[in-house]
Amino acid sequence: MKVGTFRVDGERRVGLLDAAEGHVRPFALERFHAERGVEALARLTAEGLPLPQLGDPVALSDIVLEAPIPRPRRNIFCVGKNYYDHAQEFASSGFDSSAAAGAVPKVPIIFSKVPESVIAAGEPIVMDSSVDAAVDYEVELTVIIGRGGRGIKKADALDHVWGYTIVNDVTARDLQGRHSQWLIGKSQDTFCPMGPWAVTAEEIDLAATRVQTFVNGEQRQDSNTGLLIFDVPTIIETLSAGITLLPGDVIATGTPAGVGIGFKPPRYLGHGDVVRVEIDGIGALENRLVDRAREARAAD
Ligand code: MG
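Numbering-wise (numbering that gives the first Met the number 0), the sequence shown opens with residue 0 and increments by one.
Right, here's the structure in full:
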């Protein structure tokens with residue numbers, strides 16, 4: 000099942016995608032629940048309730064797609080350096096404030112992005128070159144938690160996954176390197192493109208799903224979720240050991256090699272660049288970068 004959050008006639012709805020027919024069918028959710036986006040479906044499933052009935056089809060050309068969970072209830076959990084090849088390229092970049100601990104982490108590195116950083120497919124990633132000059136992309140398979148819990152064991156962890164989406168973990172490398180905690184560099188406004196769709200858990204083979212990034216059509220990242228250092232069950236066990244996970248929690252699982260910082264010299268995003276992150280079975284999430292400082296200068 001592939002679902003999305005979108006606006007029709009100004010109202011937020013959550014619906015089932017039929018790509019072949021070119022339409023979505025909104026679920027009959029009360030407005031209060033629809034405002035939560037796909038989180039509402041994860042919550043219903045977690046409570047063992049059936050999904051609401053589907054309404055009449057709406058053409059894709061008549062909707063404005065939003066992020067599947069437009070405003071998560073709390074920070075997006077993220078895993079750092081979770082593919083070997085990326086851990087190596089990042090540690091050797093000189094921007095890794097955690098490098099002293101070694102290139103490849105022995106336990107998952109967890110950080111977060113603030114909920115307000117989430118944007119939809121097609122919305123601009125807004126950098127401000129007077130604040131952050133080294134903006135980078137990171138394609139990440141992203142977990143949406145269904146049934147919450149604390150002390151979840153690896154063997155049970157996948158029972159707590161409602162589904163998956165894509166996050167582009169946009170990062171200001173200069174800010175990430177300047178502060179030993181990564182939150183500022185990761186949480187700039189608009190730095191969490193999410194979507195375009197969410198899929199239920201059975202749609203994704205965690206052992207073999209391709210993840211890719213293209214910048215202006217040029218492929219930069221090409222890897223597979225089977226190469227994660229810490230797999231999804233391990234991440235869930237680690238997080239939930241002392242933090243109660245809630246339905247609708249979002250966990251970005253890390254990015255493979257090929258980010259801008261990995262090139263010599265680095266290839267950061269600049270004004271006008273179009274970055275497309277793709278995961279097989281979910282779709283392609285495309286956003287254009289806008290440099291606010293440059294636009295302001297041009298307007299003077
Ligand atoms: Mg990341």
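C-beta atoms are modelled at their ideal positions from N, C-alpha and C, and glycine is treated no differently. Only a predicted model underlies this, so the values are computations on that prediction, with no experimental measurement involved.
Residues bridged to residue i (per DSSP)
i: V165; result: The sequence shown places Ile at residue 165, not Val. For I165, which the question treats as bridged, DSSP gives the partners L140, G194.
i: F213; result: Q218, R275
i: A251; result: C77, T141
i: Y82; result: L227
i: F26; result: L53
i: S111; result: F76
i: F5; result: R12, L64
i: V125; result: V289
i: D17; result: H22
i: A300; result: Lying before the first or after the last residue shown, residue 300 is absent from the chain, which here runs from 0 to 299.
i: T170; result: D135
i: A154; result: For A154, which the question treats as bridged, DSSP gives no partner whatsoever.
i: L268; result: V134
i: L244; result: G148
i: I118; result: P192
Chain-order list of residues whose beta-carbon lies under 7 Å from that of residue i (same chain, five-residue window excluded)
i: A171; result: D131, A133, V134, G184, Q187
i: H32; result: A39
i: L43; result: L50
i: F229; result: V78, N81, P107
i: L227; result: N81, Y82, T252, G253
Residue i burial status per 10 Å Cβ neighbour count (16 or more: buried)
i: E217; result: exposed
i: Q52; result: exposed
i: L48; result: exposed
i: T243; result: exposed
i: S239; result: buried
i: V23; result: buried
i: V63; result: exposed
i: E20; result: exposed
i: R296; result: exposed
i: E10; result: exposed
i: P123; result: exposed
i: G194; result: buried
i: P67; result: buried
i: K112; result: buried
i: D272; result: buried
Distance CB(residue i)-CB(residue j) smaller than 9 Å
i: S222; j: G247; result: no
i: I281; j: E201; result: no
i: R325; j: P114; result: This structure does not reach residue 325, given that the chain is present from 0 up to 299, and the question cannot be answered.
i: P69; j: T233; result: no
i: T254; j: N81; result: yes
i: T208; j: R275; result: no
i: I278; j: I165; result: yes
i: R266; j: V210; result: no
i: A251; j: P192; result: no
i: S96; j: G176; result: yes
i: V2; j: T199; result: yes
i: V249; j: A156; result: no
i: G162; j: V37; result: yes
i: L15; j: F26; result: yes
i: V125; j: L288; result: yes
i: R219; j: Y83; result: no
i: V142; j: N167; result: no
i: W181; j: F110; result: yes
Chain-order list of residues whose beta-carbon lies under 6 Å from that of residue i (same chain, five-residue window excluded)
i: D127; result: R291, A292
i: H270; result: D290, R293
i: E88; result: A256, G261
i: M0; result: T199
i: A283; result: R275, E277
i: V7; result: V57, I62
Neighbourhood of residue i by C-beta, 8 Å cutoff - its chain only, sequence neighbours within 5 removed
i: G148; result: H159, S239, T243, L244
i: I151; result: H159, I235, E236, S239, L244
i: E34; result: R11
i: A154; result: P232
Minimum Cβ-Cβ distance from residue i to chain D less than 9 Å
i: S92; result: The question asks about chain D, but that chain is absent: this structure has only one protein chain.
- Task: Using the beta-carbon of each residue, find all residues closer than 5 Å to any heavy atom of ligand 1 and list them in chain order.
- Result: E137, D168, T254
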